Amino acid sequence: MNKEVLKKSLNNWLQGASMGIVVGLIPGAILGTLTAPFLGKGGIMALIAGAIVAYQFCVPFMVGYFTALQFKLNGIESAVLAGAAFLGSGALKFVDKGWTIKGTGDLINTMLTVAIALVLIKLYNNRWKSLNIVVLPLFGGVLPGLLGLLCLPAVSGFTALLGSLIKHLTTVQPLIMAVLISIIFSLIIVTPLSSVAIAYAVSISGLAAGAANLGIVATVFTLVCGSYMVNPKGITFSLFFAGPKLLMANYLQNLIMTVPLVINAAVVGVFAYLFNIQGTTQSAGFGITGLAGPLNAYTFMSGSSLINWLILLLVFVVVPLVVSIFTHSLLTKVGLYKAEIYQYQRADK
1 MNKEVLKKSL NNWLQGASMG IVVGLIPGAI LGTLTAPFLG KGGIMALIAG
51 AIVAYQFCVP FMVGYFTALQ FKLNGIESAV LAGAAFLGSG ALKFVDKGWT
101 IKGTGDLINT MLTVAIALVL IKLYNNRWKS LNIVVLPLFG GVLPGLLGLL
151 CLPAVSGFTA LLGSLIKHLT TVQPLIMAVL ISIIFSLIIV TPLSSVAIAY
201 AVSISGLAAG AANLGIVATV FTLVCGSYMV NPKGITFSLF FAGPKLLMAN
251 YLQNLIMTVP LVINAAVVGV FAYLFNIQGT TQSAGFGITG LAGPLNAYTF
301 MSGSSLINWL ILLLVFVVVP LVVSIFTHSL LTKVGLYKAE IYQYQRADK
């Protein structure tokens, strides 16, 4: 396998996982906070709340499905890949003579299982087409799923350790960690990596989740300020909904964008610390999309509702917007980069 093929395969794998995770988790990120109080209370709202929670259980399947689309697998290959992803996620456990589903499982292990399944499916390569319906579920589904389960304890142990380390550092060095996490997530969101997957993988919460959301918001406003003068207004406006990944190709081809992204994310990270902006694992990674970040942060705040909303308006809109306008104006004026690096290029051109 040459370097270009490997690079394309890696990108397809990351893109598939990213799409599956976002599609599976965004309903909960947008509506989960609003509907959570109705869970278990009966009535139509309880049914809606339950459906939103249950939808998240489909994430491993979706990771497998979208990855299959990226690799252009056929129907049965796609099905067994999705099945392997669910099995390897570890979400399904046998407890007390019954089966239980625990959230989305371990998403890093899900991605690892998908990679194993892809290799096995490609190795099989439809050698005996008449036996595909027998061979593929076993060789491309159950076997990689089993291998994924064998890897699960080590992978889960590592992610739990990483999550504990982040939680510890946000306690002993909250300002430094808020700034670092804000910067990290501001950059992750413009790469093929999934900010949602990373948030779930390390189970960040509290101040870390709030800083992660603000880092993504900083990136959104950075791209909006850059895009405003060089793109149709529809492209700029869609950044608030489609997210920064809309200009991912621009970033990967113009890494100088890292400078304003880091500066802006560092500033909002400080504000996350100053106002103790918090969040949940479910909301971290979405930023301002669907108001997931602000709504979740609000639930952790006490005191006057008016003051709290003004604080959220300040840290989620005013500060990142003002800082982004300032850095973009300054850096283009000194000639560090030209505004054209933000010009959106359609993939079909």
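Numbering (UniProt numbering), first residue to last: 1 to 349.
A virtual CB, placed ideally from N, CA and C, is assigned to each residue, including glycine.
Keep in mind it's a predicted model, so treat the numbers as computed, not measured.
With DSSP run on the structure shown, which of helix, strand or coil describes residue i?
| i | result |
| --- | --- |
| K338 | coil |
| W99 | strand |
| G206 | strand |
| G64 | helix |
| G279 | strand |
| N12 | helix |
| P137 | helix |
| K333 | helix |
| W128 | coil |
| A160 | helix |
| residue 399 | A query on residue 399 cannot be resolved here, the shown segment of the chain reaching from 1 to 349 and no further. |
| L39 | coil |
| I288 | coil |
| N296 | helix |
| Q253 | helix |
| N109 | helix |
| T171 | helix |
| Y344 | coil |
| T222 | helix |
| N213 | helix |
| T104 | coil |
Between which two residues does the alpha helix (DSSP H) holding residue i run?
| i | result |
| --- | --- |
| F271 | 258 to 274 |
| K72 | No alpha helix (DSSP H) holds K72; DSSP gives it neither H nor E. |
| Y55 | 44 to 56 |
| I189 | It is not in any alpha helix (DSSP H) - I189 carries neither H nor E in the DSSP assignment. |
| S304 | Here S304 belongs to no alpha helix (DSSP H), and DSSP marks it neither H nor E. |
Could you pull the start and end residues of the beta strand (DSSP E) that residue i belongs to?
| i | result |
| --- | --- |
| V95 | 92 to 95 |
Below 8 Å CB to CB, which residues in the same chain sit around residue i once its five sequence neighbours on both sides are set aside?
| i | result |
| --- | --- |
| A266 | V179, S182, I183 |
| L207 | T170, P174, M177, A178, A272, Y273, N276, I277, Q278 |
| G28 | I52, V53, Y55, Q56, Q282 |
| L39 | A46, A49, G50, V53 |
Can you list, in chain order, the residues of its chain with a C-beta nearer than 7 Å to that of residue i? Leave out the 5 residues immediately preceding and following it.
| i | result |
| --- | --- |
| Q343 | V230, N231 |
| G226 | H328, A339, Y342 |
| A115 | W13 |
| H168 | none |
| T100 | K93 |
| I311 | F275 |
| Y65 | G20, S78, A82 |
| I76 | N132, I133, L136 |
How close, in whole Å, do the beta carbons of residue i and residue j come, if the pair is a contact with beta carbons under 8 Å?
| i | j | result |
| --- | --- | --- |
| G24 | Q56 | 6 Å |
| V315 | F271 | 5 Å |
| L239 | V224 | 5 Å |
| G148 | T113 | 3 Å |
| S195 | I188 | 5 Å |
| S78 | T110 | Not confirmed; about 15 Å, so no contact. |
| A284 | A199 | 4 Å |
| Y337 | I235 | 19 Å between Cβ atoms; not a contact. |
| V190 | Y251 | 4 Å |
| T67 | G103 | At roughly 20 Å, the Cβ-Cβ gap does not stay under 8 Å, so T67 and G103 are not in contact. |
| V319 | V268 | 6 Å |
Skipping 5 residues on each side, what residues in its chain have a beta carbon closer than 6 Å to that of residue i?
| i | result |
| --- | --- |
| G140 | V80, A117, L120, I121 |
| K97 | none |
| S186 | G215, A218, T219, L261, A265 |
| K349 | Low confidence applies to K349: its pLDDT is 42, below 50, so where it sits in the model is not reliable, and the reading given next is rough at best. Around K349: no qualifying Cβ. |
| L87 | G145 |
| L138 | none |
Task: the stretch 135 to 153 / the stretch 117 to 124 touching (three or more Cβ pairs under 8 Å) - done: yes
TODO: Give a yes or no on contact between the stretch 204 to 224 and the stretch 272 to 290, applying the rule of three or more CB pairs nearer than 8 Å.
DONE: yes
TODO: Check whether the stretch 29 to 43 touches the stretch 292 to 309, counting contact only when three or more Cβ pairs, one atom from each stretch, lie closer than 8 Å.
DONE: Remark: three or more beta-carbon pairs, one from each stretch, lie closer than 8 Å, so the stretch 29 to 43 and the stretch 292 to 309 are flagged as touching.
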